[in-house]
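Just so you know, the protein sequences line up as chains S and P, in that order.
Residues 10 to 185 in our numbering are what the first sequence spells out, letter by letter.
Residues 11 to 972 in our numbering are what the second sequence spells out, letter by letter.
Heads up, the beta-carbon is just placed ideally off N, CA and C, and yes, glycines get one too.
Because the structure is a prediction, the values reported are computed rather than measured.
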Amino acid sequence: MAEWNLLAEPAFTLARQNAAVALLPQRSIAGIAAFKDCLGPLQDALGVLPGPNRQARHDDILYLWAGPESWLAIAEDDPDFDLNLAKRCSGLAAVTDQSDGRAILQIKGPHVRDALAKLLPIDLHPSVFPQDATALTLAAHIPVQIWQSAVDVFELACFRSYAETLYEALSEAVLF
Amino acid sequence: MLQKTDSTASLLGGEQKFRLAGGGAIDRGEIRQFRFDGKTYYGYAGDTLASALLANGVRLVGRSYKYHRPRGILTAGSEEPNALVELRGGDRREPNTKATVAELYDGLEAASQHRFPSLKFDLMAVNSLLSPIFAAGFYYKTFMWPASFWEKVYEPLIRRAAGLGRASGLPDPDFYEKSTAFCDVLVIGGGEAGIAAALQAAGGGKRVILCDEDFLLGGRAVGESIGLAEKIAELQKFSNVRILLRTTVFGVYDGGTYGAVERVADHVLRPPPHQPRQRYWKIVTKTSVLASGATERPLVFGNNDRPGVMLSGAVRRYIRRFGVAPGSRAVVFVNHDEAAGTLAALREAGIEIAALVDPRAEIPAPLRQLAEACGAAVYAGGVVRRALGGLAVSGVEIVPAVGRLVKLECDLLVMSGGWNPALQLTSHLDGKPVWDEKIAAFVPGGLPPGMQVTGAAAGDFANPAGQPLWQVKGAIGKAFVDFQNDVTATDVKLAKQEGFSSVEHLKRYTTLGMATDQGKLANVNGLGLMAELTGKTVAQTGTTRFRPPYTPVALGALAGAHRGQHFKPRRLTPTHRWAKSQNAAFIEAGLWLRAQYFPRPGETDWLQTVCREVATVRSNVGICDVTTLGKIDIQGRDAARFLECVYTNTWENLAVGRARYGLMLREDGFVMDDGTTTRLGPAHFVMTTTTANAAKVFQHLEFCHQWLWPELDVNFCSVTDQWAQIAVAGPKSRHTLRIIVDPEFDISNEALPYMGAAEITVCGGIRARLFRLSFSGELAYEVAVPARYGNALADQLMQAGERYGICAYGTEALGVMRIEKGHPAGNELNGQTTAHDLGMAKLLSRKKDFIGRAMAARPALTDPARPSLIGLRPVNRADRLRAGSHLLPPGAAAVASNDQGYVTSAAYSPSLSHWIGLGLLANGPARHGEIIRVYDPVRNGDLLAEVVSPVFYDPEGTKLRG
């Protein structure tokens, strides 16, 4: 069965001299929420569990802290991702497929932090938001999770239903 | 002798008679053409509208608010009360712009306000003759009788006469932006003190933001101080300093947050592409330095509002910064030693100085010598009691210390009563300014956390005015305290006489300080005068509070991008693209856009479409997107236990693969939400909520878990967006689904009975969930697939159902069918209804505790006399029922005391061919068969209806279980 494109326009647009905004290709995403008193074994099972407002990579999986004893795990598109993760975390955490629950938008390029400042109320200065940081915040009234995938390359995850409206907001924000 | 202007302007046909030949921080190479009241003038880049008008000898620029007195340019800054003009035209027209702040650009169009037919000849000046009636507080004493006249006569007249300036009334063509900035030090004010503070902080490696409302840095030092340019250049070298010009910090808020507005494109004809007109900055800082300088105080004497009467610092600025002579022959009336600097500037500009009038009995020798060297007569201990002239100052009357009245000719009267630190920002978080006797000014008292004050804003004056003069005694003519609201010294006396002598009463009784300039020139004079009148000290009299904004802020700037369609974000369902391709009409449901109905060619109105959709579902099959209803994944050892706590009914005994209706109460016993929750595994449930309450219920679950039952091992995850969920309803729904559900899954009535659920695959292996639920009352299912497949699934279902005459249906048809089945929805779950009201008392378990159990049992909440759920059928089948109508006994007076309830939901039922309604009626369930009056005065509805069961269609529920 075909997937219809999430957004009407092609993924990469608006690469003028300003920052570029793109919808990233489909990835696998899962929510992980630890059960009571399971943090130690869970960390052993996964290999890593980043602390508050931090991200960490292990075995090709990116883990983003997403709340008290909660994480978002992101990996390349794999239909069995959540099932395999659920097996590894069996009895230790609630694992929920979120591959379709989130859309991830990328923004990078000149003045990227100035563009983001128009939408986000948090400080993204490198001294305060280092390479391994992540934050749960709002972008123009849209709940988002933001992190850097590379130096000065930001990714924002939002609920899928907000993807188009967030893309529009970012696309306007990059114009100076 | 006045220095003549340069020749370029005269070549273009414009002669700036009062422009000095040299000097000023203006660019004489860049000529700017502008129009004021229809006449063309010329100025230079770097001018404000005010400086350019003065350069062209235009002194009369407006008419005052109440008395329509001729007014001119009083200041050179944002404290200006008089020179308010209408700037631009068409959809960019804006009223009440201060000419002293408006940067001059080529093509600028400005007009004076508040005068008819012209500035020079204003008919409304007749108000001046009636001034004894229009004294302070006249609103409270007039327009009272007869009472009936207020609404139809007085108010419309006052409305037409009152107000200042006209808004364009057209949509704003510009866009606005908001941005958040963070720093270690926010320096407010870019004069010498601010620049010094910024340099110091920057040198220490701090992140610095420096804001100034002006378009140049330097404040009062522009045109005056020699080292200024070097310091500014030094500041610009730091990469950790952000300089925001044309930016007013207008407010201090909690948590080190400051509001500021940057006038990005006010100084050009129209904003360049992609530029906002203005930008609202939210600045979050660890510390701040207030270097906002000080505002000069006028003196209060007769006709001190005539065009040509100007503040001393402003006169200096026009000469030194703008290269403009504000007049040709001046009298200087100042009570402090800053007069020396002004005399020097006047002399440099070649302006004759007729006299120096200083109320102090003793003036310092250097000042006297300077005045005499300028050829001025010196009147120590003297005062100006009145300015002479009508449309402009023509002379003064001086009362010397000894001797007779002196009359002198002049066209410029320079006045100053001292300086007031611009400390408004220090009191935004309730800090109280403190009176400093030595400098006769209020200085900052309590400060917002993290703020320091420096320079003149802290009362650091080179030449303070030690002896304040609150009013000139024996003044003749109106002596203004508040220029913009036309409040005079007499009004202050009147307030005291009437008993309004506290500063808060003085303000509100006289409206002193309540104009758009927020009393910057008026407040201290007003309370100083009141102190004198009441025999108290100024410290005892106190001062009113200041609140944001420091200067007016356009609402557009605060709205930023959130206007029109962008007011709030938009959430699209996973079938949105497909629904658009099917020509759906959409409706907003909270942030969501949902398909409302799907008109087909030839259908002329929505009712026709909706009736077709309902009929098709009930006879064949239809599909509807129900993704927006909240879906919450619940996992954990204690998941079932937790559900027992939040729902009123039983959950531990729910089998895997079964769904159950759940009712959720608030702690106060009222119904909060409902939904169906399915058990997918021993420790795994998925809960649904209504669309509107999805976030609220999630928050409620988190609250209950974190605070009330933290010992339970359970986790929640929102999966509303993860799964596209489509209802497939109608007698042919199973047939349709059979085609898309993969063959290995048995979905017969036996394998998947009513309220059953299964995890399956569809369309050749796509992971899916199938729930046999019915909101419509027909045989029905909801099928869920990962959201990326939403559009494709809708398409596949329509193809599969084509042979069964399938149609798509939207929220309207969904609503009609649930009303036909008497299912309570948002209209009935309105926060004021209980389980008993909705006929769901059976769902309140008696065997366990749950949220809301105790409060729901209160006698008042179980009283059958409460409005309770019923159905309504119009007696005359052709009548239309409307939600919101009230229910009264027939024949009773239509008054609130006879009100027995109201209609909550109404729809035209194609199944029954007439309108039906659901409502809440006192003792409702016991009154089936009664005839009730349905009364709707708002829409002129008045009809009779029969009270019936709310289940209009298939009351036995046979269709559900087939």
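Proximity below 8 Å, CB of residue i to CB of residue j
{"i": "A84 of chain S", "j": "S158 of chain S", "result": "no"}
{"i": "P376 of chain P", "j": "A350 of chain P", "result": "yes"}
{"i": "G972 of chain P", "j": "N759 of chain P", "result": "yes"}
{"i": "V344 of chain P", "j": "D315 of chain P", "result": "no"}
{"i": "V957 of chain P", "j": "G927 of chain P", "result": "no"}
{"i": "V751 of chain P", "j": "I776 of chain P", "result": "no"}
{"i": "L783 of chain P", "j": "A790 of chain P", "result": "yes"}
{"i": "A525 of chain P", "j": "A146 of chain P", "result": "no"}
{"i": "N430 of chain P", "j": "V534 of chain P", "result": "yes"}
{"i": "V548 of chain P", "j": "T520 of chain P", "result": "no"}
{"i": "V453 of chain P", "j": "G469 of chain P", "result": "yes"}
{"i": "V738 of chain P", "j": "T746 of chain P", "result": "yes"}
{"i": "T267 of chain P", "j": "V195 of chain P", "result": "no"}
Per DSSP, the bridge partner or partners of residue i
{"i": "P152 of chain S", "result": "S:L147"}
{"i": "V262 of chain P", "result": "P:Y268"}
{"i": "H277 of chain P", "result": "H277 of chain P is not bridged to any residue."}
{"i": "P80 of chain P", "result": "P:R73"}
{"i": "R29 of chain P", "result": "P:V334"}
{"i": "H924 of chain P", "result": "P:S919"}
{"i": "H896 of chain P", "result": "P:Y912 and P:Y945"}
Bounding residues of the beta strand (DSSP E) (the contiguous stretch that carries residue i)
{"i": "R943 of chain P", "result": "I941 to D946"}
{"i": "Q64 of chain S", "result": "Q64 to H67"}
{"i": "F168 of chain S", "result": "V162 to F168"}
{"i": "W733 of chain P", "result": "W733 to A739"}
{"i": "W480 of chain P", "result": "No beta strand (DSSP E) contains W480 of chain P, which DSSP labels as neither H nor E."}
{"i": "I974 of chain P", "result": "Outside the displayed range of chain P (11 to 972) lies residue 974 of chain P, so it cannot be described from this structure."}
{"i": "H694 of chain P", "result": "H694 to T698"}
{"i": "W719 of chain P", "result": "Counting along the chain, W719 of chain P falls outside any beta strand (DSSP E), and DSSP gives it neither H nor E."}
{"i": "L418 of chain P", "result": "V416 to E419"}
{"i": "E362 of chain P", "result": "E362 to D368"}
{"i": "G951 of chain P", "result": "G951 to V958"}
{"i": "D635 of chain P", "result": "G632 to D635"}
Where the alpha helix (DSSP H) through residue i begins and ends
{"i": "V136 of chain P", "result": "V136 to L139"}
{"i": "F185 of chain P", "result": "Run containing F185 of chain P: none; DSSP gives neither H nor E here."}
{"i": "S61 of chain P", "result": "L59 to A65"}
{"i": "I329 of chain P", "result": "S322 to R330"}
{"i": "C773 of chain P", "result": "No alpha helix (DSSP H) holds C773 of chain P; DSSP gives it neither H nor E."}
{"i": "S743 of chain P", "result": "S743 to I750"}
Residue i Cβ short of 7 Å to the ligand NAP heavy atom set
{"i": "A120 of chain P", "result": "For the ligand NAP, the structure offers nothing, since it holds no ligand at all."}
| field | Contacting positions in the segment 172 to 193 of chain P - beta carbon closer than 7 Å to chain S | value | E187, K188, S189, T190, A191 and F192
| said: With three or more beta-carbon pairs closer than 8 Å as the criterion, would you say the segment 84 to 103 of chain S touches the segment 711 to 719 of chain P? | reply: no
| field | Positions along the segment 143 to 168 of chain S whose CB lies within less than 8 Å of some CB in chain P | value | A149, H150, I151 and F168
| Near-chain P residues of the segment 88 to 111 of chain S (beta-carbon distance less than 7 Å), N- to C-terminal order | A103, T105, D106, Q107, S108, D109 and G110
| query | Residues in the segment 43 to 57 of chain S with C-beta within 7 Å of chain P's C-beta atoms, listed in sequence order? | reply | For the segment 43 to 57 of chain S, which is checked against every Cβ of chain P, the residues closer than 7 Å are F44 and K45.
| task | Tell me, please, whether the segment 383 to 392 of chain P touches the segment 303 to 320 of chain P by the rule of three or more beta-carbon pairs shorter than 8 Å. | result | no
| request: For the segment 712 to 730 of chain P, enumerate the residues whose C-beta is nearer than 7 Å to any C-beta of chain S, in chain order. | output: D723, N725, C727 and V729
| task | Determine contact between the segment 798 to 814 of chain P and the segment 830 to 850 of chain P, defined as no fewer than three beta-carbon pairs at a distance below 8 Å. | result | no
| said: Please list, in chain order, the residues of the segment 641 to 667 of chain P that have any C-beta partner in chain S closer than 8 Å. | reply: D643, Q645, G646 and R647
| message | Can you pull out the residues from the segment 559 to 582 of chain P whose beta carbon lies closer than 7 Å to at least one beta carbon of chain S? | response | A571, K578, P579, R580, R581 and L582
| field | Cβ pair count under 8 Å reaching 3, the segment 161 to 180 of chain P against the segment 161 to 180 of chain S | value | no
| request: Give the residues from the segment 783 to 813 of chain P that approach chain S closer than 9 Å (Cβ to any Cβ), ordered along the chain. | output: Those residues of the segment 783 to 813 of chain P that come within reach of chain S (Cβ to Cβ, closer than 9 Å) are V795, P796, A797, R798, Y799, G800, N801, A802, L803, D805 and Q806.
| task | Please list the residues of the segment 171 to 185 of chain S that have a C-beta atom closer than 9 Å to any C-beta atom in chain P, keeping them in chain order. | result | Within the segment 171 to 185 of chain S, the residues whose Cβ lies closer than 9 Å to some Cβ of chain P are Y171, A172, E173, T174, L175, E177, A178, E181, A182, L184 and F185, listed in chain order.
| Per the contact definition of three or more C-beta pairs closer than 8 Å, is the segment 702 to 709 of chain P in contact with the segment 667 to 686 of chain P? | yes
| message | Under 8 Å: do the segment 97 to 113 of chain P and the segment 44 to 60 of chain P share three or more Cβ pairs, one atom per stretch? | response | yes
| request: Kindly confirm or deny that the segment 281 to 301 of chain P and the segment 263 to 271 of chain P touch, where touching means at least three C-beta pairs closer than 8 Å. | output: In short, these stretches touch, since the Cβ pair count reaches three.
| query | Does the segment 396 to 408 of chain P come close enough to the segment 315 to 335 of chain P that 3 or more CB-CB pairs lie under 8 Å? | reply | yes
| said: Closer than 8 Å is the cut-off here; do at least three beta carbon pairs connect the segment 813 to 825 of chain P with the segment 654 to 662 of chain P? | reply: no
| field | Against chain S: residues of the segment 271 to 289 of chain P by CB proximity under 7 Å | value | For chain S, the residues of the segment 271 to 289 of chain P that bring a beta carbon within less than 7 Å of one of its beta carbons are H284, in chain order.
| Touch test, the segment 618 to 634 of chain P against the segment 842 to 851 of chain P, Cβ-Cβ under 8 Å, three pairs minimum | no
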